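Chemist:
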Amino acid sequence: MTEPTEPSTSSSLARDPTTVVHPRREPFEHGLLPIPRLIFSDPTQTLISLKQKLLELSSNQRVDSAAISESLQIPIEHARLVLDTLASILHSDSEPLVAAKLEEIDSVGVDVHDLVLFLYIQSYKRLLPRTHKDSAAVADVWPSTSAFDGYLSALSPLQLVRSNSRRFMPSQADEEAHQLSYLQKHLANIVSLLAEPVEGEGEESLVLTMDRFEHLGFLIRFGDKGSEGNSFSQCSPFFANSDPDMPAVPVPAAQVHDWLLQNIVSALEYISERTSSKENGPASASDQDVAMTDASTVSVKVSTGTRGASFIEGISKSSYAKHASDIKGSSVKVLNCHESAIYILAPLRYATVYGCSDATIVLGAVGKAVRVEHCERVHVIVAAKRICIANCRECVFFLGVNQQPLIVGDNHKLQVAPYNTFYAQLEEHMNEVRIVPSVNRWNEPLALGMVDPHDSLSHPAGVSDVQTESATQVDPEQFTNFVIPSWLGGESTGFKKDNPFTLPDAYMASQHKNHKNLEEIRKLLREASLEESRKRELSSALHVYFKDWLYASGNIRQLYCLQGD
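In this text, residue positions in the sequence shown follow the working numbering: the first is 2, and each later residue adds one.
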């Protein structure tokens with residue numbers, strides 16, 4: 002969130018940006034799994050018992066997927082998913098699970114205390130998607146002026162119904178307040194999961210050591226930039242000046258609870274006052290908490306959050322590109338963009354694509370996690386560590402992913418295919434965020450439940466165990482390379498040497514076949530002895546078929562960058 006002019010407040014904690022507490026958004030945005038056995042009706046008592054059991058089984062307070070599978074009674078592939086998810090959302094880059102290579106994740110395992118916090122927040126319920134303040138204006142992005150509009154047909158009634166009910170992601174302020182309120186409500190339980198009794202004094206005298214306190218950094222951060230360069234404990238008054246060579250004195254759990262609670266209350270007041278000042282004051286172009294940009298216009302809202310997120314929102318019928326030098330921060334959110342081609346050619350930690358339709362979105366290299374949600378007829382091309390697809394329809398994903406694609410929620414007619422593009426800095430960006438090009442699990446989607454227990458909607462009885470529709474593979478005969486325009490950095494177009502991921506044999510054979518057919522057609526055209534009138538007829542026919550293909554395939558959106566202002 003962009004920081005506005007400092008509002009008047011009764012709390013000195015809320016005035017100083019370096020002491021304002023924030024929820025870590027990553028566990029709530031990328032760490033919730035729709036697996037019923039991970040959600041407990043009485044999480045505190047259940048997880049305290051589970052923690053003790055796991056600690057007794059482990060010699061170093063870390064557990065692997067086999068121990069998780071056995072203790073939670075879940076399939077081993079779900080236990081591995083838990084480990085992979087934790088590796089992508091833990092807060093410290095020095096944490097062994099975060100630093101582990103792909104093949105080492107299971108042997109390294111997860112710290113028991115991080116695991117119980119992860120399991121506890123599986124009870125979190127997301128905010129409902131919101132409607133636009135002027136729903137009539139954005140009920141449909143059509144019609145609007147475009148060089149290509151004359152060829153496009155009207156939306157079907159089904160499409161109109163979906164457009165009229167288009168979902169908008171809750172504002173960043175609303176989401177942060179919701180997450181803080183959850184932490185406020187559950188803080189006592191969270192602290193108790195990390196606390197331990199003083200030897201000889203019983204359960205009523207719980208304390209937190211500096212090591213246990215550090216685990217709170219999984220859910221909470223201080224300041225606009227978090228605790229970059231510092232451990233979470235160094236942001237507290239309890240351990241800030243601790244001698245690294247001397248063990249710090251444990252702090253009573255009640256004292257830690259009261260201090261964090263005071264900070265959370267102050268932060269909630271700060272958000273409330275800031276939101277109120279925005280509602281009463283003039284709108285700012287860089288304010289990402291104001292209402293969404295009108296999707297039926299060509300105006301675009303691009304803003305950068307002070308804690309490392311760039312927002313690209315409301316792009317309609319145009320082409321838009323961002324390079325590494327344009328991205329301020331480590332994550333990107335592409336929201337409510339329609340009929341466009343969007344290129345984010347940069348190394349990232351996290352990426353979210355939400356509420357988009359009829360668009361092609363290229364994400365450079367995403368080292369932690371990608372989430373694509375509530376999208377229709379979108380092509381997503383991404384090299385990433387992992388991807389989660391939720392509640393999407395008729396979308397195609399061209400993937401270079403090191404972990405199984407996760408498919409959750411109500412999905413229809415999804416397709417997956419191997420990665421199919423290249424740009425000059427791609428391999429450099431992949432190396433920077435530690436994506437392994439020799440591993441691509443694009444064709445191993447893992448489909449979980451159709452009902453997401455983390456949303457706030459009510460669902461009919463009996464549907465919670467229904468598995469979502471998985472994705473089918475794009476026919477190799479229909480597979481094509483996606484060429485990024487040269488002026489955006491996609492100088493090279495060779496299909497074999499440029500793609501950092503190895504194409505499966507069937508797709509490579511199809512590429513060779515298409516390339517051979519193209520050369521033969523070129524040769525025939527060059528050698529054809531036709532009269533001028535016949536040449537013009539042939540040229541006209543080719544243009545018609547090419548135009549038909551552009552619209553039928555959706556590739557017409559790649560040409561928006563050629564339109565005049």
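Virtual Cβ for every residue (Gly too), placed ideally from N, Cα, C.
Since the structure is predicted, the reported quantities are computational estimates derived from the model, not experimental observations.
1. Tell me which residue opens and which closes the beta strand (DSSP E) that Tyr321 is part of.
2. Provide the residue(s) that pair with Tyr546 in DSSP beta bridges, ordered along the chain.
3. Can you name the start and end residues of the alpha helix (DSSP H) that Lys52 belongs to?
4. Just curious, the beta strand (DSSP E) that Leu519 is in, first and last residue?
5. Helix, strand or coil for Gln24, going by three-state DSSP, please let me know.
6. Inspect the CB distances between the segment 34 to 48 and the segment 91 to 111 and report whether three or more fall short of 8 Å.
7. Here's the rule: buried if 16 or more other CB atoms are within 10 angstroms of the residue's CB, otherwise exposed. What is Arg372?
8. Using a Cβ distance threshold of 8 Å, determine whether the segment 56 to 65 contacts the segment 384 to 396, with at least three qualifying pairs required.
9. Measure the beta-carbon distance from Tyr125 to Tyr183 and round it to whole angstroms, keeping in mind my assumption that it falls under 8 Å.
10. Assess, as a yes-or-no matter, whether the segment 420 to 431 is touched by the segment 360 to 368 under the definition of 3 or more beta carbon pairs within less than 8 Å.
11. Quick one: residues in its chain with C-beta nearer than 7 Å to the C-beta of Ser341, no 5 flanking neighbours on either side, listed in chain order?
12. Under a three-way DSSP split, which group does Cys376 fall into?
13. Which same chain residues, not among the five before or five after Ser89, have their C-beta less than 7 Å away from its C-beta?
14. Beta carbon of Leu194, beta carbon of Val117: below 8 Å?
15. Please list the segments of the beta strand (DSSP E) lying wholly inside the segment 366 to 453, counting only runs of 3 or more residues, in order along the chain.
16. Please work out which residues of its chain come closer than 7 Å, Cβ to Cβ, to Phe547, disregarding the five sequence neighbours upstream and downstream, and give them in chain order.
17. When the distance is taken between beta carbons, is Val22 closer than 8 Å to Gln223?
18. Quick one: give me the first and last residue of the alpha helix (DSSP H) that Ala178 is part of.
19. Just to confirm the assignment, what range does the alpha helix (DSSP H) spanning Val354 have?
20. Take the Cβ of Val162 as the centre, count every other Cβ of all protein chains shown within 10 Å, and call the residue buried at 16 or more, exposed below.
21. Spell out the partners DSSP gives His258 in its beta bridges.
22. What residues in its chain sit with their C-beta under 8 Å from that of Lys54, if we drop five residues either side in the sequence?
23. If you measure between the beta carbons of Ile382 and Asn421, is that distance less than 8 Å?
24. Would Asn441 pass as a contact of Phe502 if the rule is Cβ separation under 8 Å?
25. Expressed to the nearest angstrom, what Euclidean distance is found between the alpha-carbon atoms of Asp175 and Ser93?
26. Find out if the Cβ-Cβ distance for the pair Leu346, Pro419 is shorter than 8 Å.
27. Express the C-alpha separation of Glu395 and His544 in angstroms, rounding to a whole number.
28. What residue does the alpha helix (DSSP H) around Ser471 start on, and which one ends it?
29. Residues in the same chain with beta-carbon distance under 7 Å from Pro97, minus the five sequence neighbours each way, listed in chain order, please.
30. What does Thr361 pair with, by DSSP beta-bridge criteria?
31. Which value, in whole angstroms, describes the spacing of the CA atoms of Ala138 and His380?
32. Rounded to the nearest angstrom, what separates Leu269 and Leu489 at their Cα positions?
33. At what residues does the alpha helix (DSSP H) containing Ser108 begin and finish?
34. Using CA coordinates, which residue listed in Leu551, Ser541, Ala553, Leu449 is at the minimum distance from Glu78?
35. Please look up how many angstroms separate the CB atoms of Tyr355 and Lys329, rounded, as I've assumed it's under 8 Å.
Modeler: Let me spell this out:
1. For the purposes of this step, residue 321 is taken as the residue at position 320 of the sequence shown. 320 to 324 is the extent of the beta strand (DSSP E) around Tyr321.
2. As a working mapping, residue 546 is identified with position 545 in the sequence shown. According to DSSP, which records beta bridges pairwise, Tyr546 is partnered with nothing at all.
3. Residue 52 sits at position 51 when you count from the first residue of the sequence shown. It spans 44 to 58 - the alpha helix (DSSP H) in which Lys52 sits, taken as one unbroken run.
4. Taking the sequence shown and counting its residues from 1, the one referred to as residue 519 is at position 518. Here Leu519 belongs to no beta strand (DSSP E); instead the alpha helix (DSSP H) covers 506 to 528.
5. Residue mapping note: residue 24 aligns to position 23 of the sequence shown, counting from 1. Note on residue identity: the sequence assigns Pro, not Gln, to residue 24. Strand, per DSSP.
6. no
7. Locating residue 372 in the sequence shown gives position 371, counting from the first residue. The residue in question, Arg372, is buried, as its Cβ has 16 or more Cβ neighbours within 10 Å.
8. no
9. Taking the first residue of the sequence shown as position 1, residue 125 is located at position 124. Taking the first residue of the sequence shown as position 1, residue 183 is located at position 182. That pair is a contact at about 6 Å.
10. yes
11. Position 340 of the sequence shown, counting from 1, holds the residue named residue 341. Answer for Ser341: Ile316, Ser317, Lys318, Ser319, Ser320, Tyr321, Ala360, Arg558, Tyr561, listed in chain order.
12. Translated into positions along the sequence shown, residue 376 becomes position 375. Looking at Cys376 - three-state DSSP - the assignment turns out to be coil, as it is neither helix nor strand.
13. As a first step, residue 89 must be located in the sequence shown, where it is residue number 88. So the qualifying residues of the chain are His31, Lys369, Ala370, Lys386, Arg387.
14. Locating residue 194 in the sequence shown gives position 193, where the first residue counts as 1. Locating residue 117 in the sequence shown gives position 116, where the first residue counts as 1. Yes; because the gap between Cβ atoms is below 8 Å, this pair is in contact.
15. 380 to 385, 388 to 391, 397 to 402, 407 to 409, 415 to 419
16. Residue 547 sits at position 546 when you count from the first residue of the sequence shown. No residues qualify anywhere along the chain.
17. Here residue 223 corresponds to residue number 222 of the sequence shown, with the count starting at 1. Here residue 22 corresponds to residue number 21 of the sequence shown, with the count starting at 1. It is worth fixing the name first, because residue 223 is Phe in this sequence and not Gln. Cβ distance < 8 Å, so Phe223 and Val22 count as in contact.
18. For the purposes of this step, residue 178 is taken as the residue at position 177 of the sequence shown. Counting along the chain, the alpha helix (DSSP H) containing Ala178 begins and ends at 173 to 195.
19. Residue 354 sits at position 353 when you count from the first residue of the sequence shown. Val354 -> not in any alpha helix (DSSP H); beta strand (DSSP E) instead, spanning 342 to 355.
20. Locating residue 162 in the sequence shown gives position 161, where the first residue counts as 1. Annotation note: pLDDT 35 at Val162 (below 50); position unreliable, coordinate value reported separately. So Val162 ends up on the exposed side.
21. Here residue 258 is taken as the residue at index 257 of the sequence shown, counted from 1. Answer is none; His258 lacks a bridge partner.
22. Against the sequence shown, residue 54 aligns to sequence position 53. Same-chain partners within the cutoff: Ser72.
23. Indexing the sequence shown from 1 puts residue 382 at position 381. Indexing the sequence shown from 1 puts residue 421 at position 420. It is a contact, given that the beta carbons lie within the stated cut-off.
24. Taking the first residue of the sequence shown as 1, we reach residue 441 at position 440. Taking the first residue of the sequence shown as 1, we reach residue 502 at position 501. Against a cut-off of 8 Å, the Cβ pair of Phe502 and Asn441 comes out as a contact.
25. Here residue 175 refers to the residue found at position 174 of the sequence shown. Here residue 93 refers to the residue found at position 92 of the sequence shown. Between Asp175 and Ser93, the C-alpha separation is close to 26 Å.
26. For the purposes of this step, residue 346 is taken as the residue at position 345 of the sequence shown. For the purposes of this step, residue 419 is taken as the residue at position 418 of the sequence shown. Cβ atoms of Leu346 and Pro419: not closer than 8 Å.
27. Residue 544 sits at position 543 when you count from the first residue of the sequence shown. Residue 395 sits at position 394 when you count from the first residue of the sequence shown. Distance between the alpha carbons of His544 and Glu395 is about 27 Å.
28. Stepping through the sequence shown from its first residue, residue 471 is reached at position 470. Element bounds for Ser471: n/a, residue is neither H nor E.
29. On the sequence shown, position 96 is the one that residue 97 refers to. Answer for Pro97: Val109, listed in chain order.
30. In the sequence shown, the residue the question calls residue 361 occupies position 360. BP columns for Thr361 point to Ala342, His380.
31. Counting from one through the sequence shown, the residue named residue 138 turns up at place 137. Counting from one through the sequence shown, the residue named residue 380 turns up at place 379. Low confidence applies to Ala138: its pLDDT is 41, below 50, so where it sits in the model is not reliable enough to give any reading.
32. Position 268 of the sequence shown holds residue 269. Position 488 of the sequence shown holds residue 489. If you take the alpha carbons of Leu269 and Leu489, they lie about 42 Å apart.
33. The count along the sequence shown starts at 1 and reaches residue 108 at position 107. Note, Ser108: alpha helix (DSSP H), 106 to 109.
34. Here residue 78 refers to the residue found at position 77 of the sequence shown. Comparing Cα-Cα distances from Glu78 to each of Leu551, Ser541, Ala553, Leu449, the minimum goes to Leu449.
35. In the sequence shown, the residue the question calls residue 355 occupies position 354. In the sequence shown, the residue the question calls residue 329 occupies position 328. So it is not a contact: roughly 20 Å between Cβ atoms.
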